[in-house]
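Student: When we follow our numbering, the leftmost residue of the sequence shown carries the number 11, and every step to the right adds one.
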Amino acid sequence: MVFNSSVENCFWTLDKNQQWKSLDICSQIKYNDDLRCLFISRTNNKMWFLSNYWQTSQLYAYDYIKNTLHTYGPTYINEDGVQITPNFFYKIKEDREGNIWMCTSSGPLYLSAANIRLGAQEVTQHKVPRNDGTNYADYLLDGINTRSIAIDGGNRKWLGTNSNGVYLISSDCNTQIQHFTSDNSPLLSNTILDILIEPSGKVYFATPKGLCSYMSDVTLPSNEMNKNDVYAYPNPVKPDYTGLVKIVGLTFDADVKIVTSNGVLVNQGRSIGGTYTWNQCDLKGRKVSSGIYMVETATSEGESGVVCKIAIIK
């Protein structure tokens, strides 16, 4: 699939016979001067793209099976019935749950997977509870000009802004895990043009002053676990190392248990993306002693995974 702006036939596909064909949908796009962010959804059989035009930015979903085009905007209504008309749309991205996120000058919005299936127009401005004893909540990054987004292996959202740096938001969107700026980190600029994440978890930030990177603690999950790809590091853990031990090669939301050679449980939890981290402590928060520890894994559906070993040297 290729596309161009400001032309009569803006979308072309290459079929299995190596023949180019034009999609007959361009006449349905009100403004095609700045088409961007085309991608094919992995969950809903639609091709998504933006038409970015001052105060009339629209989101489009083309169903290539039914040959229909669905239009969203330029005015959007959130879950509280509030009208939103962003001046600009910058990026769109699908998360691991099938929600379509939109980076706008009014802050981040998303179309829920459920509303997409129903064909509903309502967008969601995620509400973050204040947790102060009231029932009040605030919209996520409300009013912050959000230019870019990337979804990591744990379904966490990395949101780049026009002048406020980068926010790392938890998978449920209720917790701000990190806020990187040029003042508190090596980030080159607080203006983030784009974000890209490698399967290894390395995050790249494109800024007007150049490219910089950050090694995150979450890797892309594996489709299945096997003994050759699931391992812990550093291993062995030497006496002078006090940091986290990482277990990688896991499936999404895998169940992890760490036990002694005698079968005593010392730690358990769920992977974030394809990674699980252990602080070398037992269930009571005490540092474990020297020994061989077994890492037992299972998928989120409860299917048995693989076992690897960690050697702790004190």
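The beta carbon of each residue, even a glycine, is placed where N, CA and C say it ideally should be.
1) Could you check the C-alpha separation between Gly143 and Tyr241 for me, to the nearest Å?
2) Can the beta-carbon of Phe262 be found closer than 9 Å to that of Pro231?
3) According to DSSP, which residues form a beta bridge with Ser232?
4) Should Leu260 and Tyr286 be called a contact, given that it needs their Cβ atoms to be closer than 9 Å?
5) Kindly list the residues whose CB is nearer than 6 Å to the CB of Ala160, restricted to its own chain and excluding five residues on each side of it in sequence; keep chain order.
6) Which one of Gly163, Gly164, Leu198 has the shortest CA to CA distance from Asn174?
7) Terminal residues of the continuous beta strand (DSSP E) containing Ala123?
8) Leaving aside the five residues before and after Asn109 along the sequence, list all residues of the same chain whose C-beta is less than 6 Å from its C-beta, in chain order.
9) What's the C-alpha gap between Val255 and Lys137?
10) With a threshold of 6 Å on Cβ separation, who are the neighbours of Asp292 within its own chain once the five nearest residues in sequence on each side are excluded?
11) Taking just the CA atoms, how far does Asn245 sit from Met112?
12) Report yes if the C-beta distance between Val269 and Met235 is below 9 Å; otherwise report no.
13) Please return the same chain residues whose Cβ sits closer than 7 Å to the Cβ of Ala147, not counting the five positions on each side in sequence.
14) For the 8 Å Cβ check, are there 3 or more pairs between the region 62-81 and the region 152-166?
15) Here's the rule: buried if 16 or more other CB atoms are within 10 angstroms of the residue's CB, otherwise exposed. What is Glu104?
16) Identify the residues that DSSP records as bridge partners of Ser61: which are they?
17) For Phe99, report the span of its beta strand (DSSP E) as first-last.
18) Does the distance from the CB of Ile102 to the CB of Phe49 come in under 9 Å?
19) Could you check what DSSP says for Gln38 in three-state terms: helix, strand or coil?
20) Residue ranges of each beta strand (DSSP E) run of no fewer than 3 residues wholly in the region 123-179, ordered along the chain?
21) Between which two residues does the beta strand (DSSP E) harbouring Ser223 extend?
22) Excluding the 5 residues preceding and the 5 following Gly295 in the sequence, name in chain order all residues of the same chain whose CB lies nearer than 8 Å to its CB.
23) Could you tell me the distance, in whole angstroms, from the CA atom of Asn19 to the CA atom of Ile39?
Tutor: Working from what's here:
1) 43 Å
2) yes
3) Thr261
4) yes
5) Trp168, Ile205, Ile207
6) Leu198
7) Per DSSP, Ala123 belongs to no beta strand (DSSP E); it is in the alpha helix (DSSP H), 123-128.
8) Tyr120, Ser122, Ala123
9) 34 Å
10) Val276, Val298
11) 41 Å
12) no
13) Lys137, Val138, Pro139, Arg140
14) no
15) buried
16) Leu45, Gln68
17) 99-104
18) yes
19) helix
20) 137-139, 147-149, 156-161, 167-171, 176-179
21) 220-225
22) none
23) 11 Å
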